[in-house]
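There are 2 protein chains.
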Amino acid sequence: MLERIYMKLETSCIRAEADYVQILRCKEDLNAVSTSIEGISKVMALAGNKVRFKMLYLLQRENELCPCDFADILEMSVPAISQHLRKMKDVNVISTRRDGQTIFYRISEENKAFLTTILSNVASERKTA
Amino acid sequence: MLERIYMKLETSCIRAEADYVQILRCKEDLNAVSTSIEGISKVMALAGNKVRFKMLYLLQRENELCPCDFADILEMSVPAISQHLRKMKDVNVISTRRDGQTIFYRISEENKAFLTTILSNVASERKTA
DNA sequence: TAATTATTTAAGCAAGTACTTAAATAGAAT
DNA sequence: ATTCTATTTAAGTACTTGCTTAAATAATTA
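One line per chain: the protein sequences are S and H, in this order. For the first sequence, the positions run 68 to 196 when my numbering is used. For the second sequence, the positions run 68 to 196 when my numbering is used.
Structural data, given as structure tokens:
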């Protein structure tokens, strides 16, 4: 309870009815999950790009693909694809396996469960309307 | 089966072992979910920003908050907060309710389920180490 | 009506993003 | 060894993002 006193609270509005207890509670809540939010935000920021979201969707369905495959499927240049892959690899969203000169990418075990829950919301729509 | 012939397939690599069937299947898959991916990507792009992710996390816990609250909790300027809220409202991630001159924001019913599954991955970490 | 409060909007700018093209690596095949 | 293939890296650039400050709305109160 006393910890609350140590949290700074500057008010943006001069409201009569501001719920200071609520505001302090929110700040404490955020503080308690800051590391978690930091990590999830990084993954979300990567998956928030349409190209990368498609890449993750494809990886989930196909298990593994190489840069060349992505370029063909998404009709993009190989360097553009490679740079997206690098970003996701840097944050350990995907991992690699080498086979000769081909490098296969797949969703890393670490993030598989989280991405699966998100990707499960991608639904096939009817084109018959 | 014949539809596949109509999909263009330019190859980025001159591999001997490219799996053209797989590549065409992927293109068709993506095509079938394009509208869905379009929509989810928009929400993901918004939630992929750390400030907005925190705002959504807070909204889920507190049910509704006003711009002023957000500014106090996140220690940011009111206009900065307002602009984030606008972006999320534009895509119908959040909705508003007016009470006098205060405007309360909440997660829209339309996106509540999806955001809940994502936000449920935010976990409290122990600080005792 | 005038002053106050909460919020939004607009303009400006620094920083970040996502491509492009060209060059560099690295393994495979001749 | 030299050439070919797959991939990555680097430099350059147009576009987008997220803040800032100042001004505009809109509801409330004196």
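Here a beta-carbon is modelled for each residue, glycine too, at the ideal position from N, C-alpha and C.
At a C-beta separation below 9 Å, residue 78/H has these neighbours in chain S: 135, 138 and 139. For residue 163/H, the uninterrupted beta strand (DSSP E) segment begins and ends at 161-166.
Only buried fits residue 134/H, as 16 or more other CB atoms lie within 10 angstroms of its CB. At a cut-off of 8 Å, the C-beta of residue 89/S has a neighbouring C-beta in chain H. CA-to-CA, the gap between residue 149/H and residue 114/H works out to about 16 Å. In this model, residue 141/H and residue 121/H are separated by some 8 Å (Cα to Cα). Under DSSP, the beta-bridge partners assigned to residue 170/S are 165/S.
Here the region 87-106 of chain H makes contact with the region 121-131 of chain S; the two share three or more CB pairs at distances below 8 Å. Closest in alpha carbon position to residue 82/S, among 167/H, 99/H, 143/H and 146/H, is 167/H. Counting the other Cβ atoms within 10 Å of the Cβ of residue 178/S gives 16 or more, which makes it buried.
Within the model, the alpha-carbon separation for residue 103/H versus residue 163/H is close to 25 Å.
Unbroken alpha helix (DSSP H) stretches of 4 residues or longer found wholly inside the region 103-146 of chain S: 117-129 and 134-141, given in chain order. Taking C-beta atoms as the reference points, residue 189/S and residue 100/H count as a pair closer than 8 Å. Judged by their CB atoms, residue 151/S and residue 119/S are nearer to each other than the 8 Å cut-off. Burial is judged here by how many other beta carbons sit within 10 angstroms of a residue's own beta carbon; residue 138/H has at least 16 and is buried. Taking 7 Å as the upper bound on Cβ-Cβ separation, chain S lies near residues 99, 100, 102, 103, 104, 107 and 108 of the region 98-109 of chain H. A residue is called buried once 16 or more other Cβ atoms fall within 10 Å of its Cβ, and residue 79/H is buried on that count. Secondary structure of residue 185/H (DSSP, three-state): helix. Here residue 108/H really is in contact with residue 117/S; their C-beta atoms are around 4 Å apart, less than 8 Å. About 6 Å separates the beta carbon of residue 175/H from that of residue 160/H, a gap short enough to meet the 8 Å contact definition. Secondary structure note for residue 92/S: its alpha helix (DSSP H) is the uninterrupted segment 87-99. The Cβ neighbour count for residue 112/S, taken over all protein chains shown within 10 Å, is at least 16; the residue is labelled buried. At a beta-carbon threshold of 7 Å, the residues of chain S lying near residue 188/H are 107 and 181, ordered along the chain. It is roughly 18 Å from the alpha-carbon of residue 94/S to the alpha-carbon of residue 106/S.
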